[in-house]
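A.B. asks:
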Amino acid sequence: MTDRHTRLDLRAATLMLTCCALWGLQQVVVKLTLPVLAPLLQGALRSLIAALLVAAYARARRIRLVERDATLWPGVGAGVLFGLEFICIYAGLQYTQASRLIVFVYLAPFVVALGMPFISRAERLSAAQGLGLALAFAGLVFAFSENFGHPAGSAQALRWVGDGLAVAAALFWGLTTLLVRATALSTATPERTLFWQLAVSAPLLAVAAAVAGEPWPRAGWGAISASMLYQAGVVAAASYLAWFWLLRHYPATRISAFSFLTPLFGLVFGAAVLGEPLTPRLLLALAGVAVGIVLVNRR
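Quick note on numbering: the sequence shown equals residues 50 to 348 in the numbering used here.
Given below as structure tokens:
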């Protein structure tokens, strides 16, 4: 029987904050790796390596990952949604600015918040919690608005293609979370849930990379290995296992609210590693997100 909590405790909050920081740094690592490895290939290799790591971990703990039971088709579905999410993100970056794209991608918690009442009446949002989600998202928009540009000509028209792909990615992310909670995956082990997503998304991303004509790298394998160690081992394996464990034991809407911090962590790491500016507007946005999270976690 899965032990369910109705609100977040210190352990859950600390674990979720750590995951958000790791995911924020992930974006910086992807940028640093782009000169030696194309983005869709990064995603394909990350999913493949992480799937092998999760399989090895599960084997050591004697956890069965694939069975012909009620988790089979939901697992395949979650993997397809996961793969489509990252295909949209990587493809969208070719048409729109990263700052715009990430704001639209983080519409995903709204998808979860709107969908969860149809799955569990206990997770119906109160007015204060709805305000908290809105305030957190407003904080994100405020943080990124100073970076919004206005490309001219055809680039401006194509920007809306990227925006649309980002919204699609948010939808796929939210639907993945809802699928996990609404099906037998909600009581499956985190290892099984994660393995399905990684194992199914790896070939999807590889096919997308082939269709996009991304070249196989000929050099830079030291940097690629270090990047994959972080992206696959730390993020896609360890932090995603923690994420799915949290989804099994805590309310999805409140867990998802913390994910608003990820792009803000990304800006902080961007400033520290890439020299991107850390502005007063970002600090004010951080305050707005913090207040929003407090509201979401009220009874």
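Backbone N, C-alpha and C define an ideal beta-carbon position, used for all residues, glycine too.
1) Roughly how many angstroms lie between the CA atoms of residue 265 and residue 90, to the nearest whole one?
2) Cβ atoms of residue 164 and residue 227: under 7 angstroms apart, would you say?
3) Spatial neighbours of residue 118 within its chain, please: C-beta separation below 8 angstroms, excluding the five flanking residues on both sides.
4) Got a sec? Which residues, its chain only, sit under 6 angstroms from residue 215 by beta carbon, not counting five neighbours each side?
5) At the level of alpha carbons, what is the spacing between residue 330 and residue 191?
6) Check whether the Cβ atoms of residue 350 and residue 284 sit closer than 7 angstroms, and answer yes or no.
7) Tell me the DSSP secondary structure of residue 192 in three-state form.
8) Could you check if residue 322 is buried or exposed, using at least 16 other CB atoms within 10 Å of its CB as the buried criterion?
9) My understanding is that residue 181 touches residue 315, with C-beta atoms under 8 angstroms, so please give their C-beta distance in whole angstroms.
10) Which first and last residues belong to the alpha helix (DSSP H) in which residue 125 is found?
11) Any contact of the region 265-283 with the region 94-104, i.e. 3+ C-beta pairs under 8 angstroms?
12) Suppose contacts are defined by Cβ-Cβ distances below 7 angstroms. Is residue 87 in contact with residue 299 by that definition?
13) Quick check on the burial criterion: 16 or more other C-beta atoms within 10 angstroms. Buried or exposed for residue 50?
C.D. replies: A quick look at the data gives this:
1) Position 216 of the sequence shown holds residue 265. Position 41 of the sequence shown holds residue 90. Going from the Cα of residue 265 to the Cα of residue 90 covers about 8 angstroms.
2) Position 178 of the sequence shown, counting from 1, holds the residue named residue 227. Position 115 of the sequence shown, counting from 1, holds the residue named residue 164. Going by C-beta atoms, residue 227 is nearer than 7 angstroms to residue 164.
3) Locating residue 118 in the sequence shown gives position 69, counting from the first residue. For residue 118, where only same-chain residues beyond five positions count, the Cβ hits under 8 angstroms are 233.
4) Walking along the sequence shown from the start, residue 215 turns up at place 166. Around residue 215: 141, 150, 153 and 154.
5) The sequence position of residue 330 within the sequence shown is 281, counting from 1. The sequence position of residue 191 within the sequence shown is 142, counting from 1. Looking at the two C-alpha atoms, the distance is approximately 7 angstroms.
6) Limits of the chain in this structure are 50 at one end and 348 at the other, which puts residue 350 out of reach.
7) In the sequence shown, residue 192 corresponds to position 143, counting from 1. When DSSP states are grouped into helix, strand and coil, residue 192 belongs to the helix group.
8) Within the sequence shown, numbered from 1, the residue matching residue 322 stands at position 273. Label assigned to residue 322: exposed.
9) Along the sequence shown, read from residue 1 onward, the residue named residue 181 stands at position 132. Along the sequence shown, read from residue 1 onward, the residue named residue 315 stands at position 266. Residue 181 to residue 315, Cβ: 21 angstroms. No contact.
10) Counted from its first residue, the sequence shown places residue 125 at position 76. For residue 125, the enclosing alpha helix (DSSP H) has its first and last residue at 121-141.
11) With the cut-off at 8 angstroms, the region 265-283 and the region 94-104 touch.
12) Taking the sequence shown and counting its residues from 1, one reaches residue 87 at position 38. Taking the sequence shown and counting its residues from 1, one reaches residue 299 at position 250. No, these two residues do not count as a Cβ contact at 7 angstroms.
13) Here residue 50 refers to the residue found at position 1 when the sequence shown is read from its first residue. With a pLDDT of 49 at residue 50, under the threshold of 50, the predicted position of this residue should be treated as unreliable, and no value is reported.
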